[in-house]
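Student:
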Amino acid sequence: MSDPAHTQHDIFRPVPRTGVIYVMAEAAERGFAYGKPGWANLGQGAPETGELPGCTPRVHHIDVDPASHEYGPVGGLWELREAVAALYNARYRKGLPSQYSAENVAISAGGRTALTRVLATLGNGHLGHLLPDYTAYEELLGIFRAFVPIPIVLDPAEGFALTPARLRAEIVGKGLGAVLLSNPCNPTGQVVRGRDMRAWVETARKLGCALILDEFYSHYLYDAAAASEGASTSAARFVEDVNEDPVILVDGLTKNWRYPGFRLAWTVGPKDVVERLTSAGSFLDGGPPHPMQRAALPLLERDNADREALAIQKAFAEKRWMMLERIRELGLGLDHVPLGAFYCFASLDNLPPALQDGHAFFRAALEKQVIVVPGEFFDVNPGKRRSHIPSRLKSYVRLSFGPEAQVVREGMDRLAAMIAEHA
276 MSDPAHTQHD
286 IFRPVPRTGV
296 IYVMAEAAER
306 GFAYGKPGWA
316 NLGQGAPETG
326 ELPGCTPRVH
336 HIDVDPASHE
346 YGPVGGLWEL
356 REAVAALYNA
366 RYRKGLPSQY
376 SAENVAISAG
386 GRTALTRVLA
396 TLGNGHLGHL
406 LPDYTAYEEL
416 LGIFRAFVPI
426 PIVLDPAEGF
436 ALTPARLRAE
446 IVGKGLGAVL
456 LSNPCNPTGQ
466 VVRGRDMRAW
476 VETARKLGCA
486 LILDEFYSHY
496 LYDAAAASEG
506 ASTSAARFVE
516 DVNEDPVILV
526 DGLTKNWRYP
536 GFRLAWTVGP
546 KDVVERLTSA
556 GSFLDGGPPH
566 PMQRAALPLL
576 ERDNADREAL
586 AIQKAFAEKR
596 WMMLERIREL
606 GLGLDHVPLG
616 AFYCFASLDN
626 LPPALQDGHA
636 FFRAALEKQV
646 IVVPGEFFDV
656 NPGKRRSHIP
666 SRLKSYVRLS
676 FGPEAQVVRE
686 GMDRLAAMIA
696 EHA
């Protein structure tokens with residue numbers, strides 16, 4: 276007779292939802308649905324997808340060639356790989372002797388798939404990751420057993436910045452073989468750029484430590500970052516030899532072209548790395564969707580890409596200032612004014628006691644039909660190895676200005692009313 280305490284399903288481990296997915300599921304239980312009126316989704320991890328003043332014309336239909344009914348190559352269509360390489364060379368490598376080619380590019384079905392491929396190719400060693408950073412890294416860093424994830428804790432008093440000197444000390448002191456981070460950062464909006472990024476790449480080159488940079492917000496730049504970087508930013512600008520420098524870049528259509536539904540991304544790096552992660556794709560995912568790749572080709576032409584980037588910067592800068600003004604009015608704190616991405620990582624320390632915890636704030640906001648993301652979800656903790664230590668980020672929430680301006684305005688108005696009720 277079988278033991279009732281055990282079932283045939285015991286072989287399956289519990290798999291937690293990522294922070295944003297958890298938040299959206301909780302909101303759905305209270306009646307939220309995408310497109311449903313009455314809700315202000317300030318937890319949104321995607322940008323508004325409609326027309327913006329001056330943007331590249333939006334894709335409204337896709338012609339499917341019968342040849343696209345077949346599987347495409349696991350590494351992506353050669354034409355799209357060439358287009359990605361050409362864009363990086365035009366933007367960041369003009370006049371440099373080492374140029375990216377199609378062999379330096381792999382296409383995948385979205386950013387998580389691209390990052391999964393990269394991490395699946397890592398061997399034994401230590402992988403540094405920043406705190407705070409993108410919530411989905413937590414499970415991704417915990418699922419592969421070949422490497423050990425090592426946290427690099429950033430200080431709110433320093434605006435959650437990581438200096439080149441501190442990066443070098445972390446690599447040497449912790450024996451890191453690779454470092455993973457989002458840049459611009461989700462959730463803080465920090466941007467490593469210019470001389471600092473040059474020093475980062477030089478450090479990676481000299482120490483043989485791979486930089487795995489999630490550049491999904493590289494079009495979203497404001498103030499000093501926009502002034503110094505122009506339409507977009509990338510560590511590709513400071514790579515000396517595209518096949519020798521251990522710099523791996525991940526980007527895609529989701530954020531920077533505002534097509535999250537296309538599920539199309541790319542990885543740019545040394546040829547031998549691209550070959551390995553393409554091999555990983557052969558058993559992990561089988562390759563990206565064939566028709567979507569052809570639809571993406573015109574979007575990657577330099578003029579179209581820069582036009583979209585500049586339209587994003589103008590429209591999102593206006594929403595950013597709106598949110599920053601309201602944050603100050605409401606008594607929320609900011610350790611760092613975001614120079615990139617479309618989030619404000621707000622401190623709750625100065626609010627009424629009942630709202631100083633990110634989860635409490637989140638649940639109170641749901642009652643006003645506003646969605647935010649508790650800051651604790653960005654305290655990336657693979658395998659819950661730090662279970663005995665309370666999160667340093669419990670008193671933060673991430674607020675998104677990704678939605679349309681009216682949604683951002685309405686959401687901040689409702690949060691103001693919520694905070695006033697607790698005063």
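Sequential numbering from 276 applies to the sequence shown in our numbering. All C-beta atoms, glycine included, are put in the ideal place defined by N, C-alpha and C. All figures in this text were calculated on a predicted structure; none of them were measured in a lab.
List in chain order: all unbroken beta strand (DSSP E) runs of 3+ residues lying wholly within the stretch 502-583.
Tutor: For the stretch 502-583, whole beta strand (DSSP E) runs of length 3 or above, ordered along the chain, are 522-527, 540-543.
Student: Looking only at its chain, what residues have a beta carbon closer than 6 Å to the beta carbon of Ala-226, apart from the 5 residues adjacent to it on each side?
Tutor: Not covered by the structure: residue 226. The range shown for the chain is 276 to 698.
Student: Leaving aside the five residues before and after Glu-604 along the sequence, list all residues of the same chain whose C-beta is less than 8 Å from its C-beta, in chain order.
Tutor: In the sequence shown, residue 604 corresponds to position 329, counting from 1. These residues qualify, in order along the chain: Ala-691.
Student: What's the C-alpha gap between Arg-512 and Phe-287?
Tutor: Counting from 1 along the sequence shown, the entry for residue 512 is found at position 237. Counting from 1 along the sequence shown, the entry for residue 287 is found at position 12. Looking at the two C-alpha atoms, the distance is approximately 44 Å.
Student: Touch check for the stretch 546-564 and the stretch 378-391: three-plus C-beta pairs under 8 Å?
Tutor: With the cut-off at 8 Å, the stretch 546-564 and the stretch 378-391 touch.
Student: Consult DSSP for Ile-602 and reduce its assignment to one of helix, strand or coil.
Tutor: Locating residue 602 in the sequence shown gives position 327, where the first residue counts as 1. The answer is helix: DSSP assigns Ile-602 an H, G or I state.
Student: State the DSSP-derived secondary structure class of Arg-673, mapped to helix, strand or coil.
Tutor: For the purposes of this step, residue 673 is taken as the residue at position 398 of the sequence shown. In this structure, Arg-673 counts as strand in the three-state DSSP scheme.
Student: Following the continuous beta strand (DSSP E) through His-336, name the residue where it begins and the one where it ends.
Tutor: Numbered from 1 along the sequence shown, position 61 holds the residue referred to as residue 336. No beta strand (DSSP E) holds His-336; DSSP gives it neither H nor E.
Student: Do you know offhand how far Ala-586's Cα is from Phe-637's?
Tutor: Locating residue 586 in the sequence shown gives position 311, where the first residue counts as 1. Locating residue 637 in the sequence shown gives position 362, where the first residue counts as 1. Distance between the alpha carbons of Ala-586 and Phe-637: 31 Å.
Student: Quick check: what's the CA-CA separation for Val-683 versus Glu-413?
Tutor: Sequence index remark: in the sequence shown, residue 683 carries index 408 (1-based). Sequence index remark: in the sequence shown, residue 413 carries index 138 (1-based). Taking the straight line joining both Cα atoms gives about 28 Å.
Student: Would you check if the stretch 653-661 and the stretch 599-614 touch, i.e. whether three or more CB-CB distances between them fall below 8 Å?
Tutor: No: fewer than three Cβ pairs fall under 8 Å.
Student: Mark His-634 as exposed unless 16 or more other C-beta atoms lie within 10 angstroms of its C-beta, in which case mark it buried.
Tutor: As a working note, residue 634 is residue 359 in the sequence shown. Burial call: exposed.
Student: Pull up the CB-CB distance for Gly-452 and Leu-402, whole angstroms please, since I reckon it's below 8 Å.
Tutor: If you number the sequence shown from 1, residue 452 lands on position 177. If you number the sequence shown from 1, residue 402 lands on position 127. 7 Å between Cβ atoms; contact.
Student: Hey, how far is the Cα of Gly-469 from the Cα of Leu-524?
Tutor: Counted from its first residue, the sequence shown places residue 469 at position 194. Counted from its first residue, the sequence shown places residue 524 at position 249. Each residue's Cα considered, the two are about 17 Å apart.
Student: Give the list of continuous alpha helix (DSSP H) stretches no shorter than 4 residues that lie fully inside the stretch 320-405.
Tutor: Qualifying alpha helix (DSSP H) stretches, in chain order: 353-367, 386-395.
Student: Could you say which of Lys-643, Phe-652, Leu-674, Arg-667 lies nearest to Gly-313 if we only look at CA atoms?
Tutor: Along the sequence shown, one-based indexing puts residue 313 at 38. Comparing Cα positions, the closest option is Lys-643.
Student: Quick test of your reading: Asp-408 and Arg-569, contact by CB under 8 Å. State the CB separation rounded to the nearest angstrom.
Tutor: Position 133 of the sequence shown holds residue 408. Position 294 of the sequence shown holds residue 569. About 33 Å separates the two Cβ atoms, so there is no contact after all.
Student: Going by other Cβ atoms of all chains shown within 10 Å of its Cβ, with 16 needed for buried, is Gln-374 buried or exposed?
Tutor: Counted from its first residue, the sequence shown places residue 374 at position 99. The residue in question, Gln-374, is exposed, as its Cβ has fewer than 16 Cβ neighbours within 10 Å.
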